[in-house]
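Engineer: Sharing a structure here in structure tokens format.
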Amino acid sequence: MTINKSKELLTEFDYVEFYAKKLREDNSFFVQQKSLIDSQLKSSISVFRNAFGTGEEFNI
Amino acid sequence: MNEKGYELKDETIIVHRELNELDFFVRDFLEILKKHSDYLVVSGFVSISTGRTRGTEDVDVLFSKLEEKEFEKLFNELSENGFWCYQGDSGKEVYDYIKNLNNVRFARKNQIFPNIELIPVDKTRKAKFFEFTHSQKIRIGDFEFKIPPIEFEILYKEIVLAGKKDTDDAKHLRTFFAEILRAEKFKEFKPIINQEKK
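Chains as they are written, first to last, in the numbering used here: chain A, 328 to 387; chain B, 18 to 215.
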């Protein structure tokens, strides 16, 4: 995996474009995306399990 | 050697990545839904499944506005397979939402997130009905599902939704799919989407 540096990254919009170009040309970047999506999901499930309980205790 | 992020093969977009937990959740739900109705996955999941790295609380899925008995069958099968509905405990109880074209949400039992926002569609919802009947197949590993034409999805996010998250999603789709986007499709879809904005 090689990341060529760019001097024209200024806004968040630029980063969206930068990352999409990388993904388009090299699917190895999807490994990091999977890791991020999986960890976000795990965290939100955990937060709401703590807040609302599980099984018969589950209550919203 | 690494591959490109996707390819277009026999009119199907094939994304070269492994499935993640969000994909498994959506796949399990669609396996049941498609036995009862046609469907279309729209909005955030289209961008996330093609590489956008952002969280989402819900996955938007269009489905046909079913008759009450048909909806009850769908509801029961979802319940039997570990999903619960925010709006009620039976299909009969929830059906008023569907009848009035209001969205309902399902999550796995004992969970709130992620959830599916199920959006009933009929011919009166012109733009939604158009995308619903003009789907694009996409495949990730062994998970194949239907999304709107990419050009339609981009314009819908830029013109109708138009929030920051949506314009970022649209930028991602424009860049990632730059090689297969068709100018004539943007021209065709724009008036349909502009109607939705009114």
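Note that beta-carbon positions come from the ideal geometry of N, C-alpha and C, so glycine has one too.
Please name the residue in B/Ile167, B/Leu178, B/Leu83 whose C-alpha comes closest to that of B/Ile197.
Structural biologist: For the purposes of this step, residue 197 of chain B is identified with residue 180 of the second sequence, where counting begins at 1. Out of B/Ile167, B/Leu178, B/Leu83, B/Ile167 has the C-alpha closest to the C-alpha of B/Ile197.
Engineer: Check this for me: beta carbons of B/Phe2 and B/Val138, under 9 Å apart or not?
Structural biologist: Nothing can be reported for residue 2 of chain B, as the shown portion of chain B is limited to 18 through 215.
Engineer: Quick one, which residues of the region 153 to 182 of chain B are near chain A if we go by CB-CB under 9 Å, in chain order?
Structural biologist: Lys181
Engineer: If you measure between the beta carbons of B/Ile171 and B/Lys163, is that distance less than 9 Å?
Structural biologist: Counting from 1 along the second sequence, the entry for residue 171 of chain B is found at position 154. Counting from 1 along the second sequence, the entry for residue 163 of chain B is found at position 146. Result no, Cβ atoms of B/Ile171 and B/Lys163 do not sit closer than 9 Å.
Engineer: Quick one: which residues of the region 119 to 139 of chain B get their C-beta closer than 8 Å to a C-beta of chain A? List them in chain order.
Structural biologist: Lys126, Asn127, Gln128, Ile129, Phe130, Pro131
Engineer: Look up B/Glu196 in the DSSP assignment and say whether it is helix, strand or coil.
Structural biologist: In the second sequence, residue 196 of chain B corresponds to position 179, counting from 1. B/Glu196 falls in the coil class under three-state DSSP.
Engineer: Taking the DSSP output, what are the residues bridged to B/Ile49?
Structural biologist: Stepping through the second sequence from its first residue, residue 49 of chain B is reached at position 32. In the DSSP output, where bridge partners are listed per residue, B/Ile49 has none listed.
Engineer: Counting only Cβ pairs nearer than 7 Å, list the residues of chain B close to A/Glu344.
Structural biologist: By 1-based counting over the first sequence, the position of residue 344 of chain A is 17. Result: Lys188, Thr192.
Engineer: Taking a Cβ distance cut-off of 9 Å, strictly less, list which residues of the region 52 to 70 of chain B are near chain A, in chain order.
Structural biologist: Look at the region 52 to 70 of chain B: the residues with a C-beta under 9 Å from a C-beta of chain A are Ile65, Thr67, Gly68, Arg69, Thr70.
Engineer: Thinking B/Phe4 and B/Thr67 are a contact (beta carbons under 8 Å), I'd like their distance in whole angstroms, please.
Structural biologist: Only positions 18 to 215 of chain B appear in the structure, and residue 4 of chain B is not among them; the question remains open.
Engineer: Relative to the alpha-carbon of A/Leu368, which residue among B/Ile176, B/Glu74, B/Glu89 has its alpha-carbon at the smallest distance?
Structural biologist: Here residue 368 of chain A corresponds to residue number 41 of the first sequence, with the count starting at 1. Here the closest residue by C-alpha is B/Glu74.
Engineer: Between B/Ile133 and the rest of its own chain, which residues show a CB-CB distance below 6 Å, the 5 nearest in sequence each way excluded?
Structural biologist: For this step, residue 133 of chain B is matched to residue 116 along the second sequence. Hits under 6 Å: Phe46, Val76, Val78, Phe123.
Engineer: Excluding sequence positions up to five away, which residues of its chain have a Cβ less than 6 Å from the Cβ of B/Asp55?
Structural biologist: Here the question's residue 55 of chain B lines up with position 38 in the second sequence. Around B/Asp55: Ser81.
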